[in-house]
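When we follow this note's numbering, the leftmost residue of the sequence shown carries the number 1423, and every step to the right adds one.
Beta carbons: idealized from backbone N, C-alpha and C, even for Gly.
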Amino acid sequence: MFPDDIETLARAVIEAAAARGMMVAAAESCTGGLVCGALTGIAGSSTVVERGFVTYSNAAKADLLGVPMALIERHGAVSEPVARAMAEGALARSPAQVSVAVTGIAGPGGGSPDKPVGLVHFAAAGPAGLIHAGRRFGDIGREAVRLDSVRVALDLLLDRIGA
(Lines of atoms letter the chains of each structure in order from A and count residues from 1; the text may use other names and numbers.)
(Lines give C-alpha, C1' and ligand atoms only; values in the text may rest on other atoms or scores of the structure.)
Protein backbone atom coordinates (compact mmCIF):
# COMPACT_ATOMS: atom_id res chain seq x y z
CA MET A 1 0.00 0.00 0.00
CA PHE A 2 2.82 2.44 0.89
CA PRO A 3 6.14 2.84 -0.93
CA ASP A 4 8.87 0.48 0.27
CA ASP A 5 10.85 3.22 2.05
CA ILE A 6 7.83 4.19 4.15
CA GLU A 7 7.16 0.55 5.00
CA THR A 8 10.81 0.18 6.05
CA LEU A 9 10.61 3.27 8.28
CA ALA A 10 7.32 2.11 9.81
CA ARG A 11 8.81 -1.29 10.56
CA ALA A 12 11.80 0.39 12.21
CA VAL A 13 9.46 2.45 14.42
CA ILE A 14 7.47 -0.63 15.43
CA GLU A 15 10.60 -2.66 16.20
CA ALA A 16 12.33 0.16 18.12
CA ALA A 17 9.28 1.00 20.20
CA ALA A 18 8.55 -2.67 20.92
CA ALA A 19 12.16 -3.25 22.00
CA ARG A 20 11.84 -0.36 24.47
CA GLY A 21 8.32 -1.19 25.64
CA MET A 22 6.96 2.10 24.33
CA MET A 23 3.56 2.97 22.92
CA VAL A 24 3.09 5.54 20.15
CA ALA A 25 0.35 8.06 19.37
CA ALA A 26 -0.02 10.26 16.30
CA ALA A 27 -1.87 13.57 15.92
CA GLU A 28 -2.47 14.18 12.24
CA SER A 29 -4.00 16.96 10.23
CA CYS A 30 -2.88 17.14 6.59
CA THR A 31 -1.86 13.47 6.56
CA GLY A 32 -5.35 12.41 7.62
CA GLY A 33 -4.26 9.22 9.35
CA LEU A 34 -1.55 8.11 6.93
CA VAL A 35 1.10 7.95 9.68
CA CYS A 36 -1.06 5.54 11.67
CA GLY A 37 -1.94 3.74 8.46
CA ALA A 38 1.73 3.15 7.71
CA LEU A 39 2.39 1.94 11.25
CA THR A 40 -0.63 -0.36 11.45
CA GLY A 41 0.30 -1.88 8.11
CA ILE A 42 3.14 -3.63 9.92
CA ALA A 43 2.40 -6.97 11.58
CA GLY A 44 2.78 -6.68 15.33
CA SER A 45 1.91 -2.98 15.38
CA SER A 46 -0.82 -3.56 17.97
CA THR A 47 1.89 -3.86 20.63
CA VAL A 48 3.10 -0.35 19.80
CA VAL A 49 0.38 1.82 18.24
CA GLU A 50 -1.78 3.11 21.07
CA ARG A 51 -3.98 5.53 19.11
CA GLY A 52 -4.22 8.09 16.39
CA PHE A 53 -5.98 11.44 16.35
CA VAL A 54 -7.12 12.75 12.97
CA THR A 55 -7.64 16.41 13.77
CA TYR A 56 -8.24 17.98 10.39
CA SER A 57 -10.31 20.90 11.67
CA ASN A 58 -9.31 23.52 14.22
CA ALA A 59 -12.21 22.41 16.41
CA ALA A 60 -10.89 18.83 16.40
CA LYS A 61 -7.43 20.05 17.41
CA ALA A 62 -9.00 21.87 20.35
CA ASP A 63 -11.54 19.18 21.32
CA LEU A 64 -9.43 16.06 20.94
CA LEU A 65 -5.93 17.33 21.73
CA GLY A 66 -6.58 20.34 23.94
CA VAL A 67 -4.88 22.80 21.61
CA PRO A 68 -6.02 26.24 22.79
CA MET A 69 -8.14 28.03 20.17
CA ALA A 70 -6.32 31.24 21.10
CA LEU A 71 -3.05 29.59 20.02
CA ILE A 72 -4.58 28.53 16.69
CA GLU A 73 -6.03 32.01 16.14
CA ARG A 74 -2.73 33.72 17.00
CA HIS A 75 -0.39 31.51 14.96
CA GLY A 76 -2.63 29.60 12.56
CA ALA A 77 -3.19 25.85 12.48
CA VAL A 78 -0.07 25.41 10.36
CA SER A 79 2.56 26.64 12.78
CA GLU A 80 5.27 25.48 15.13
CA PRO A 81 3.31 26.31 18.31
CA VAL A 82 0.27 24.35 17.13
CA ALA A 83 2.37 21.34 16.06
CA ARG A 84 4.02 21.34 19.48
CA ALA A 85 0.67 21.59 21.26
CA MET A 86 -0.69 18.74 19.15
CA ALA A 87 2.22 16.46 20.07
CA GLU A 88 1.91 17.35 23.74
CA GLY A 89 -1.86 16.86 23.60
CA ALA A 90 -1.49 13.41 22.08
CA LEU A 91 0.68 12.38 25.02
CA ALA A 92 -1.58 14.02 27.60
CA ARG A 93 -4.67 12.33 26.19
CA SER A 94 -3.27 8.84 25.78
CA PRO A 95 -1.08 6.39 27.69
CA ALA A 96 1.54 6.57 24.90
CA GLN A 97 5.12 7.55 25.78
CA VAL A 98 5.98 8.94 22.32
CA SER A 99 3.94 11.06 19.94
CA VAL A 100 4.22 12.80 16.62
CA ALA A 101 2.11 15.62 15.19
CA VAL A 102 1.70 16.79 11.60
CA THR A 103 -0.05 19.97 10.42
CA GLY A 104 0.39 21.51 7.01
CA ILE A 105 -0.93 22.64 3.66
CA ALA A 106 -0.90 19.78 1.18
CA GLY A 107 -2.60 21.75 -1.59
CA PRO A 108 -3.42 22.30 -4.27
CA GLY A 109 -5.14 25.32 -2.68
CA GLY A 110 -5.08 26.86 0.77
CA GLY A 111 -1.65 28.43 0.64
CA SER A 112 -0.68 32.06 1.15
CA PRO A 113 2.53 34.05 0.71
CA ASP A 114 3.38 33.46 4.39
CA LYS A 115 2.24 29.83 4.42
CA PRO A 116 2.61 28.38 0.94
CA VAL A 117 1.35 25.04 -0.31
CA GLY A 118 3.81 22.40 0.80
CA LEU A 119 4.56 23.97 4.21
CA VAL A 120 4.28 21.35 6.95
CA HIS A 121 5.11 21.61 10.65
CA PHE A 122 5.96 18.54 12.69
CA ALA A 123 6.53 17.97 16.37
CA ALA A 124 7.44 14.85 18.29
CA ALA A 125 7.44 14.30 22.02
CA GLY A 126 8.76 11.60 24.27
CA PRO A 127 11.10 10.89 27.17
CA ALA A 128 13.89 12.72 25.33
CA GLY A 129 11.77 15.89 25.16
CA LEU A 130 9.88 17.79 22.48
CA ILE A 131 11.30 18.62 19.06
CA HIS A 132 9.96 20.58 16.10
CA ALA A 133 10.72 20.40 12.41
CA GLY A 134 9.25 22.63 9.75
CA ARG A 135 9.54 21.67 6.11
CA ARG A 136 8.73 23.37 2.85
CA PHE A 137 8.30 20.61 0.36
CA GLY A 138 7.08 23.07 -2.22
CA ASP A 139 4.05 22.70 -4.45
CA ILE A 140 4.96 19.14 -5.46
CA GLY A 141 1.40 17.84 -5.47
CA ARG A 142 -0.94 16.83 -2.69
CA GLU A 143 -0.01 13.13 -2.62
CA ALA A 144 3.73 13.85 -2.63
CA VAL A 145 3.43 16.37 0.23
CA ARG A 146 1.43 13.88 2.28
CA LEU A 147 3.78 10.94 1.65
CA ASP A 148 6.87 13.05 2.33
CA SER A 149 5.19 14.17 5.55
CA VAL A 150 4.71 10.53 6.60
CA ARG A 151 8.44 9.95 6.03
CA VAL A 152 9.41 12.90 8.22
CA ALA A 153 6.91 11.91 10.93
CA LEU A 154 8.26 8.35 11.10
CA ASP A 155 11.85 9.66 11.27
CA LEU A 156 10.86 11.94 14.16
CA LEU A 157 9.23 9.03 16.00
CA LEU A 158 12.45 7.04 15.64
CA ASP A 159 14.39 9.98 17.03
CA ARG A 160 12.11 10.33 20.08
CA ILE A 161 12.07 6.56 20.68
CA GLY A 162 15.84 6.72 20.79
CA ALA A 163 16.54 4.41 17.88
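Classification of residue i by the beta-carbon crowding that lies within 10 angstroms, buried from 16 upward
i, result
"Glu-1565", "exposed"
"Arg-1506", "buried"
"Gly-1526", "buried"
"Met-1491", "exposed"
"Ala-1426", "The sequence given here places Asp at residue 1426; Ala does not occur at that position. Classification for Asp-1426: exposed."
Given residue i as reference, the closest of the options once Cα atoms are compared
i, options, result
"Val-1572", "Pro-1535, His-1554, Gly-1533, Val-1522", "Val-1522"
"Asp-1660", "Met-1508, Ala-1528, Asp-1426", "The structure shown does not extend to residue 1660, since the chain spans only 1423 to 1585, so no value can be given for it."
"Met-1423", "Arg-1442, Ala-1449, Gly-1459", "Gly-1459"
"Asp-1561", "Gly-1533, Gly-1584, Arg-1442", "Gly-1533"
"Ala-1438", "Gly-1531, Val-1470, Met-1491, Asn-1480", "Val-1470"
Beta-carbon proximity list for residue i, same chain, < 8 Å, skipping 5 on both sides
i, result
"Gly-1454", "Val-1476, Tyr-1478, Arg-1568"
"Gly-1466", "Ile-1436, Ala-1440"
CB of residue i within 8 Å of CB of residue j, strictly
i, j, result
"Ala-1432", "Leu-1576", "yes"
"Ala-1555", "Arg-1582", "no"
"Val-1524", "Val-1446", "no"
"Leu-1488", "Gly-1511", "Per the sequence shown, residue 1488 should be read as Gly rather than Leu. Yes."
"Glu-1472", "Pro-1517", "yes"
"Leu-1580", "Ala-1434", "yes"
"Phe-1544", "Val-1574", "yes"
"Lys-1537", "Gly-1563", "no"
"Leu-1513", "Ala-1482", "no"
"Gly-1463", "Glu-1429", "yes"
"Arg-1442", "Gly-1531", "no"
Chain-order list of residues whose beta-carbon lies under 6 Å from that of residue i (same chain, five-residue window excluded)
i, result
"Arg-1558", "Gly-1540, Leu-1541"
"Val-1457", "Ala-1448, Glu-1450, Val-1572, Ala-1575"
"Asn-1480", "Ile-1494, Ala-1499"
7 Å CB neighbourhood of residue i in its chain, flanking five on each side removed
i, result
"Ala-1528", "Cys-1452, Arg-1564, Val-1567, Arg-1568"
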